[in-house]
Amino acid sequence: MRKMLCVLSLLAMTVLNVQSKMIEIDLWPDGAPNTNELTGPEGMAGVCVNNVSHPVLYVYPAAKPNGTAIVMCPGGAYAGLAMAHEGTDMADWLNAQGVTLAVLKYRMPNGHDNVPLADAEQAMRIMRSRGGEWRVNPNSVGIAGASAGGHLATTLATHYSDTDTRPDFQVLFYPVVTTEKGVTHQGSVDNLCGKTPTEEQLRNFSNELQVTPDTPKAFIMVSADDGAVPVANSLRYFDALTRNGVISALHVYPTGGHGWGYYDSFPYKDLWKGELEEWLRREVIK
């Protein structure tokens with residue numbers, strides 16, 4: 630009996646190790662095509678890693694993949710990245726659904742608005758070119774993001790360069806979408822575009838204005854009492870998507886504020902997880 634328990638324990642540990650296996654990929658091994666001009670080492674400010682100038686993609690392959698992958702962009706006002714609760718903490722749950730998760734540690738823009746988008750596009754290229762290693766269907770790779778990471782996700786969804794970088798779907802947690810003063814998160818806009826952006830910049834990165842019928846389908850979730858990024862960001866984006874005939878779902882939870890990610894303290898955690906699982910099964914998984 631003792632020997633059998635030991636064997637079962639070893640098997641359980643093996644399964645856990647397979648589920649939690651992480652692959653670290655240098656996004657630009659030969660050098661990035663642009664720079665954010667940040668120097669010095671990365672550091673931590675609260676739950677966020679900041680001063681990111683070396684982008685990395687952390688891939689968590691599903692043990693029993695269903696072909697779908699999600700590239701997750703953590704938030705942090707384009708100044709830092711909440712890598713855990715808006716990223717890596719979701720790996721075991723998504724892997725259990727058969728979804729491969731890739732968490733993107735993208736470079737902070739430092740006023741260079743083209744830098745985060747370049748990293749997001751490169752992450753999509755990597756997931757499609759190497760997806761066969763993790764049994765990922767190249768036609769079932771989505772982008773996700775929280776807060777400012779949600780702005781990056783909607784930027785990729787509306788500004789992608791070609792079919793290789795176009796997401797097949799988008800999942801948005803309380804996203805920044807617009808750059809309009811009084812509606813946006815001003816710190817995110819300042820960090821992305823600088824303190825004196827042009828009108829062209831502001832319009833270009835108001836992503837609700839960039840939606841077309843070719844924008845990928847979306848799942849959006851937000852709290853009605855979000856005091857950091859007004860719910861109007863999600864409402865405007867959802868309205869633009871539906872007006873363009875893009876399949877979309879919007880879930881507004883009564884309370885919870887901002888930045889809940891995968892925290893257990895969010896009262897609707899089980900609800901949003903179940904709703905997203907169902908949406909992925911119906912709309913995404915091939």
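Read in order, the letters of the sequence shown correspond to residues 630 to 915 in my numbering. Ideal Cβ positions, reconstructed from N, Cα and C, are used throughout, including at glycine.
(1) Is it buried or exposed for GLY672, if we count other Cβ within 10 angstroms and need 16 for buried?
(2) Ignore the nearest five residues each way along the sequence and tell me which others in GLY817's own chain have a CB closer than 7 Å to its CB.
(3) Within 10 Å of its beta-carbon, does THR784 have 16 or more other beta-carbons around it, so buried, or fewer, so exposed?
(4) Would the beta-carbon of THR807 fall within 7 Å of that of GLU837?
(5) Can you check DSSP and say which residues form a bridge with GLN799?
(6) In chain order, what residues of the same chain have a beta carbon less than 7 Å from the beta carbon of THR787, not counting five sequence neighbours either side?
(7) Taking the alpha-carbon of GLY760 as reference, which of PRO745, ARG736, VAL728 and MET719 has the nearest alpha-carbon?
(8) Going by other Cβ atoms of all chains shown within 10 Å of its Cβ, with 16 needed for buried, is LEU634 buried or exposed?
(9) Roughly how many angstroms separate the alpha carbons of SER894 and GLY885, rounded to a whole number?
(10) Please report the straight-line C-alpha distance between GLY716 and ILE699, rounded to a whole angstrom.
(11) Below 8 Å, can you find three or more Cβ-Cβ pairs linking the segment 660-675 to the segment 760-771?
(12) So, for ALA861: in the same chain, excluding its five sequence neighbours on each side, which residues have a beta-carbon less than 7 Å away from its beta-carbon?
(13) What does the alpha-carbon distance come out to for the pair VAL765 and ALA752?
(14) Can you check DSSP and say which residues form a bridge with LYS734?
(15) ILE755 lies in the alpha helix (DSSP H); which residues open and close that run?
(16) Please state whether DSSP places TYR918 in a helix, a strand or coil.
(17) Under 7 Å between the Cβ atoms of SER863 and VAL851?
(18) Quick check: what's the CA-CA separation for ALA869 versus LYS846?
(19) Using a Cβ-Cβ cutoff of less than 8 Å, which residues in the same chain neighbour ARG754 once the five nearest sequence positions on both sides are dropped?
(20) Looking at LEU656: is its Cβ nearer than 7 Å to the Cβ of ASP742?
(21) LYS902 to ALA775, Cα distance in whole Å?
(22) Can you grab the Cα-Cα spacing for the pair VAL881 / GLY888, in whole Å?
(23) Which stretch, first to last residue, makes up the beta strand (DSSP E) that contains TYR882?
(24) Of the choices ASP791, MET651, GLY704 and LYS915, whose alpha-carbon is the least far from that of TYR803?
(25) By Cβ distance, which residues of its chain are closer than 7 Å to PRO883, with the 5 residues on each side in sequence left out?
(26) Please classify MET651 as buried or exposed, where buried requires at least 16 other C-beta atoms within 10 Å of its C-beta.
(27) Using only the alpha-carbon positions, how far apart do GLY709 and ARG911 sit?
Working from what's here:
(1) exposed
(2) Before going on, a small fix: residue 817 reads as Ser here, not Gly. Answer for SER817: ALA706, TYR707, ALA777, HIS780 and VAL805, listed in chain order.
(3) buried
(4) yes
(5) ILE772 and ALA847
(6) ASN836, GLN839, VAL840 and THR844
(7) VAL728
(8) In this predicted model, LEU634 has a pLDDT of only 43, less than 50, meaning its place in the structure is not dependable; the value taken from the coordinates is given anyway. With fewer than 16 Cβ atoms within 10 Å of its Cβ, LEU634 is classed as exposed.
(9) 9 Å
(10) 11 Å
(11) no
(12) VAL812
(13) 14 Å
(14) VAL685
(15) 744-758
(16) The structure shown has nothing for residue 918, since the chain only spans 630 to 915.
(17) yes
(18) 12 Å
(19) ASP793 and THR794
(20) no
(21) 15 Å
(22) 14 Å
(23) 877-882
(24) GLY704
(25) ALA853
(26) exposed
(27) 34 Å
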